[in-house]
Amino acid sequence: MTELTHLTIKSAIESLEKKEFSSAELVQAHIDATEKARHLNAFITETPEIALEQAKASDARRAKGEAGPLDGIPLAIKDMYCTKGVRTTAASNILHNFVPPYESTVTDKLFNAGAVMIGKSNTDEFAMGTTTESSAFGNTINPWKRKGDNTDLIPGGSSGGSAAAVAARMAMGGTGTDTGGSIRQPAAMCGIAGIRPTYGRCSRWGIIAYASSFDQAGVLARTVEDCALLLQNMSGFDPKDSTSADIPVPDFPAATRTGDVKGLKVGVPKEFRVEGMPEIIEKNWQKGAQWLKDQGAEVVDISLPHTKYALPAYYILVPSEASSNLARFDGVRYGLREHDDPETLLDMYERTRASGFGDETKRRIMLGTFTLSAGYYDAYYVKAQRVRRLIQQDFLKAFEKVDVILTPPTPSAAYPIGENDDDPIAMYLNDVFTVPLNLAGLPGMSVPSILTPEGLPLGLQVIGKPWDEATVLKTARAIERAAGFNAMPSSVQTGAA
Amino acid sequence: MAETVKGDTGTWEIVIGLEVHAQAISNSKLFSGASTAFGAEPNSQVSFVDAAMPGMLPVLNAYCVEQAVRTGLGLNAKINLHSVFERKNYFYPDLPQGYQISQYQHPIVGEGVIEIDMPDGSIKKIGIERLHLEQDAGKSLHDQHPKKSYVDLNRSGNALMEIVSRPDLRGADEASAYLNKLRMILRYLETCDGNMEEGSMRADVNLSVRPMGENKLGTRCEIKNVNSIKAVQMAIAYEAQRQVELIEGGGKIAQETRLWDPAKGVTRSMRSKEEAHDYRYFPDPDLLPVTLQSEWVNEIKETLPELPDEKKHRFIKDYGLSLYDASVLISERARAAYFEDVAKGRDAKLAANWVINELLGLLNKNGKSIKESPISAPQLGGLIDLISDETISGKIAKDVFAEMFETGKDAAAIVEDKGLEQVTDTGAIEAVIDEILAANPDNVAAYKGGKDKLFGFFVGQVMKQTQGKANPQAVNEILKTKLG
Numbered sequence: 001m002t003e004l005t006h007l008t009i010k011s012a013i014e015s016l017e018k019k020e021f022s023s024a025e026l027v028q029a030h031i032d033a034t035e036k037a038r039h040l041n042a043f044i045t046e047t048p049e050i051a052l053e054q055a056k057a058s059d060a061r062r063a064k065g066e067a068g069p070l071d072g073i074p075l076a077i078k079d080m081y082c083t084k085g086v087r088t089t090a091a092s093n094i095l096h097n098f099v100p101p102y103e104s105t106v107t108d109k110l111f112n113a114g115a116v117m118i119g120k121s122n123t124d125e126f127a128m129g130t131t132t133e134s135s136a137f138g139n140t141i142n143p144w145k146r147k148g149d150n151t152d153l154i155p156g157g158s159s160g161g162s163a164a165a166v167a168a169r170m171a172m173g174g175t176g177t178d179t180g181g182s183i184r185q186p187a188a189m190c191g192i193a194g195i196r197p198t199y200g201r202c203s204r205w206g207i208i209a210y211a212s213s214f215d216q217a218g219v220l221a222r223t224v225e226d227c228a229l230l231l232q233n234m235s236g237f238d239p240k241d242s243t244s245a246d247i248p249v250p251d252f253p254a255a256t257r258t259g260d261v262k263g264l265k266v267g268v269p270k271e272f273r274v275e276g277m278p279e280i281i282e283k284n285w286q287k288g289a290q291w292l293k294d295q296g297a298e299v300v301d302i303s304l305p306h307t308k309y310a311l312p313a314y315y316i317l318v319p320s321e322a323s324s325n326l327a328r329f330d331g332v333r334y335g336l337r338e339h340d341d342p343e344t345l346l347d348m349y350e351r352t353r354a355s356g357f358g359d360e361t362k363r364r365i366m367l368g369t370f371t372l373s374a375g376y377y378d379a380y381y382v383k384a385q386r387v388r389r390l391i392q393q394d395f396l397k398a399f400e401k402v403d404v405i406l407t408p409p410t411p412s413a414a415y416p417i418g419e420n421d422d423d424p425i426a427m428y429l430n431d432v433f434t435v436p437l438n439l440a441g442l443p444g445m446s447v448p449s450i451l452t453p454e455g456l457p458l459g460l461q462v463i464g465k466p467w468d469e470a471t472v473l474k475t476a477r478a479i480e481r482a483a484g485f486n487a488m489p490s491s492v493q494t495g496a497a
Numbered sequence: 001m002a003e004t005v006k007g008d009t010g011t012w013e014i015v016i017g018l019e020v021h022a023q024a025i026s027n028s029k030l031f032s033g034a035s036t037a038f039g040a041e042p043n044s045q046v047s048f049v050d051a052a053m054p055g056m057l058p059v060l061n062a063y064c065v066e067q068a069v070r071t072g073l074g075l076n077a078k079i080n081l082h083s084v085f086e087r088k089n090y091f092y093p094d095l096p097q098g099y100q101i102s103q104y105q106h107p108i109v110g111e112g113v114i115e116i117d118m119p120d121g122s123i124k125k126i127g128i129e130r131l132h133l134e135q136d137a138g139k140s141l142h143d144q145h146p147k148k149s150y151v152d153l154n155r156s157g158n159a160l161m162e163i164v165s166r167p168d169l170r171g172a173d174e175a176s177a178y179l180n181k182l183r184m185i186l187r188y189l190e191t192c193d194g195n196m197e198e199g200s201m202r203a204d205v206n207l208s209v210r211p212m213g214e215n216k217l218g219t220r221c222e223i224k225n226v227n228s229i230k231a232v233q234m235a236i237a238y239e240a241q242r243q244v245e246l247i248e249g250g251g252k253i254a255q256e257t258r259l260w261d262p263a264k265g266v267t268r269s270m271r272s273k274e275e276a277h278d279y280r281y282f283p284d285p286d287l288l289p290v291t292l293q294s295e296w297v298n299e300i301k302e303t304l305p306e307l308p309d310e311k312k313h314r315f316i317k318d319y320g321l322s323l324y325d326a327s328v329l330i331s332e333r334a335r336a337a338y339f340e341d342v343a344k345g346r347d348a349k350l351a352a353n354w355v356i357n358e359l360l361g362l363l364n365k366n367g368k369s370i371k372e373s374p375i376s377a378p379q380l381g382g383l384i385d386l387i388s389d390e391t392i393s394g395k396i397a398k399d400v401f402a403e404m405f406e407t408g409k410d411a412a413a414i415v416e417d418k419g420l421e422q423v424t425d426t427g428a429i430e431a432v433i434d435e436i437l438a439a440n441p442d443n444v445a446a447y448k449g450g451k452d453k454l455f456g457f458f459v460g461q462v463m464k465q466t467q468g469k470a471n472p473q474a475v476n477e478i479l480k481t482k483l484g
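Note that the protein sequences, when read in sequence, are chains Y and P. Residues in the first sequence are numbered consecutively from 1, following this note's numbering. Residues in the second sequence are numbered consecutively from 1, following this note's numbering.
Laid out in structure tokens, this is it:
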């Protein structure tokens, strides 16, 4: 029998159905893996007791023939999702003791489908980052290493905890949130798949807000089909979120089963060919295009002329919204309060927020406060909104000619921890390929493709039309099939042997 | 006409604009399902959204939008089919989100106008600049503990309609006439209960002064914490005088926010323009723009009640009432309806007199509203019918009325039980008169000798004898003939 932690969600469900093993056994195997790989710091809060309890309940349901579509499957839940009765921190000291009395809509749906929570996974503080280094609970380490080099690498971010957990076989899938690439980028750096659906496909209710008009729930898993299965069970209209869309959810797993891209028009945007891009990234991209061509797709050169303005517009709009969204963390009602004899109310606010927020969070709050200020609002916020509309139009125009767009998700493979510590701009540049579609609210997916000569995984990004996740999944499946990517982090291989 | 301030250098005109916060009548809050009932235990009506728990999202209450539109229509204002909720950012413990969801660049209601009644009977039009929807903040309580402040979030998230007037008001009387009229309209529309004591209607006063005849506006101050119409009047009187004295003394008015101190009867500086918050407004990304269909707005328009001014003009025209009587009767929708019920098919002026002079007087004395009247409109109508058909006299009617008020019985029943029908039988009256004339030969002689005043004495005697039931007209006529 294959080791339980190496199964895909799909095959695990089939085995559970055939009673080859129980959910309790499956979950226990993942709890063991979590203990063994604890040094990766993928979780802020491990929840083994809850997981085993849920697993037992799942086995009981299955015995009665009442199993749901994800019954008994252990997942990592990003610590941005409020989970009832389980500490939820957004990786911030300001919420270090916050236990929500409510369950987010997405996790509620997943648990209703039978999913099991193995733990609350690490993230950049308030999902602000691309390395999972800004967590108040310590950084997460990528399970992958360069060949013959033991240097710890970043897992990407902000959903780096879920990505590392899935790559290191601690969970079969994980939830993420994607504001500017926080699912696709860590998925690519950890050699797994990840999809961010169209803005409005999943409810944001109960997910701690970073930038409300960009934030979207999504998933990470080791195969495209597993992603489809998870996404299916977290999507749908929620009257509690005014920005969620009241439109039907198509059959996502069905789209991945065909993976037929014959006649599909795939756009390759020339503006994504940025200066100084490593040769291997270019090579990987061309390979991806070839794989799709080989399966009958037509590859078309397209232009997204405003791409170079995407990153600056993003780093104005997102901090603007964040500065307002994070105002509620004031020490008055929940979370951290520095209340040792404050002189004044202002003193309490300042001390609470000074010790509650980390550097990156403070940087973005200040940036956003500035860009919304009187005298600067028109020059920054309003202008950036205009750019946002131009970028949306770029995509819509491109989608008159093509069905999907193919790009790299990252400008590089995973890199050593601490490399961009003193240079936030260099870190922001990591988002250059992922951010444009967030400005347009489009669905996007990263799927593993090749290993670099150093032995690190790279992925490819598929961008789709609004509400057309099905075509994105189908295209990603075709890439996955052609790539035949089956490499694993060496630590996992050792474990499996 | 308008109030002015007489200064040392001349006469100054007072220019006022009012910002009224009216809490929209709605069972639940603007963006959450929590109850809005007044007077509940602190923090017992607070949803996760109202407390700004992490990950919570606002969902717009459609009924509050309807109330705002209804109010806009009642203010003869333009309804904006596209409006946007924005965030007004500032920190305060009773503002859980750290921002108030409000409307800024695109309010739901645009320009409108209402009429106020001037003391000389003329009408003045006051412009409305806009009405927008916003959430209320919670309440900070600073007097519960020597060192701590407490926060009650029951009010947090209630729907407010901020109604901003043009600077068209010229003094305390016009300001209070405006507030009264606005409150009347809101109550007619049933969109705000207008209860200033409970804080469901609050006013901020923007005031400046300028020399009479000057067209340019002076620098204004905004006065907050004026929580009754009386306070508005006092604050205006104080602030206008303060500004004139300051300017005439060589000073300059600083644009600032001032606070009305009701205990001391003064306004004092709260924050200067430099200290003013930078609210960093931007469209709330959690909410979609509000888009209304004009058909829907028209449907609401069709359900609007007749508004106070229309009703007043109709009462004057159709019932022949004086402006004063009409104004008294229309000041409450229920009062006007009561009057119309009474007046239906009867002498309208008589009906107005009974409602205004007798019923409202007695209700007022007993601290009751027209809705709590122990005498229903048909019952009062019944009493008036008995007067009109001369079953009872006006004087007897007042006694009957008092008993109706006390017992809730019909007039006819009281009249019958007590035998109060008017005696119109001239034979019977004649007999009584003969008896009285016979018993007072001296007075008869004196009257005939020219003491006309004694006529009243004879009438009084007849009424006494008949316990007031004799028809006064008949008594007069017979007496005149007999004494003739």
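Ideal Cβ placement from N, Cα and C applies to all residues, glycine included. Model, not experiment: these values are computed from the prediction.
Closer than 7 Å to chain Y by CB, residue i
| i | result |
| --- | --- |
| P/Met1 | The predicted model places P/Met1 with a pLDDT of 47, which falls under 50 and marks its position as unreliable; any figure quoted below should be read in that light. It does not: the Cβ of P/Met1 has no partner Cβ on chain Y nearer than 7 Å. |
| P/Tyr99 | yes |
| P/Ala348 | no |
| P/Asn80 | no |
| P/Ala51 | yes |
Pair within 7 Å by beta-carbon distance, residue i and residue j
| i | j | result |
| --- | --- | --- |
| Y/Thr256 | Y/Leu473 | yes |
| P/Asp94 | P/Lys148 | no |
| Y/Met348 | Y/Gly375 | no |
| Y/Leu311 | Y/Val435 | yes |
| P/Ile101 | P/Leu131 | no |
| Y/Ala115 | Y/Ile73 | yes |
| Y/Thr130 | Y/Gly161 | no |
| P/Val244 | P/Val209 | yes |
| P/Ser496 | P/Cys64 | There is simply no residue 496 of chain P to check, as chain P begins at 1 and stops at 484 in what is shown. |
Neighbour list for residue i in chain P, Cβ cutoff strictly below 9 Å
| i | result |
| --- | --- |
| Y/Trp205 | Gly55, Met56 and Leu57 |
| Y/Gln95 | In the sequence under discussion, the amino acid at residue 95 of chain Y is Leu, which differs from the Gln named in the question. The answer, in chain order, is Pro54. |
Chain P contact residues for residue i, given Cβ-Cβ distances below 7 Å
| i | result |
| --- | --- |
| Y/Ile208 | Pro54 and Gly55 |
| Y/Lys240 | Leu57 and Val59 |
First and last residue of the uninterrupted beta strand (DSSP E) at residue i
| i | result |
| --- | --- |
| Y/Ala193 | Ala193 to Arg196 |
| P/Tyr150 | Tyr150 to Asp152 |
| P/Ser272 | Val266 to Ser272 |
Where residue i meets chain Y, residues with beta-carbon distance less than 8 Å
| i | result |
| --- | --- |
| P/Asn487 | The structure shown does not extend to residue 487 of chain P, since chain P spans only 1 to 484, so no value can be given for it. |
| P/Pro93 | Asp330, Val332 and Leu345 |
Where the alpha helix (DSSP H) through residue i begins and ends
| i | result |
| --- | --- |
| P/Thr407 | Gly394 to Thr407 |
| Y/His561 | Nothing can be reported for residue 561 of chain Y: it is not among the residues displayed for chain Y, which extend from 1 to 497. |
| P/Pro378 | Ala377 to Ser388 |
| Y/Ser121 | Segment Val116 to Ser121 is the beta strand (DSSP E) holding Y/Ser121; no alpha helix (DSSP H) there. |
Interface flag, residue i vs chain P, CB-CB below 7 Å
| i | result |
| --- | --- |
| Y/Leu390 | no |
| Y/Val332 | yes |
| Y/Cys82 | yes |
| Y/Ser244 | no |
| Y/Ser213 | yes |
Amino acids of chain Y, ordered along the chain, whose beta-carbon sits closer than 9 Å to that of residue i
| i | result |
| --- | --- |
| P/Asn89 | Ser323, Ser324, Ala327, Thr369 and Leu372 |
Listed from N- to C-terminal order along the chain, which residues in the stretch 264-298 of chain P have their beta-carbon within a distance smaller than 9 Å of any beta-carbon of chain Y?
-> Asp278, Tyr279, Arg280, Tyr281, Phe282, Pro283, Asp284, Pro285, Asp286, Leu287 and Leu288
Compile a chain-ordered list of the residues in the stretch 36-49 of chain P whose CB is closer than 7 Å to at least one CB of chain Y.
-> Phe48
Of all the residues that make up the stretch 339-353 of chain Y, which are near chain P by a beta-carbon distance shorter than 8 Å?
-> Leu345 and Tyr349
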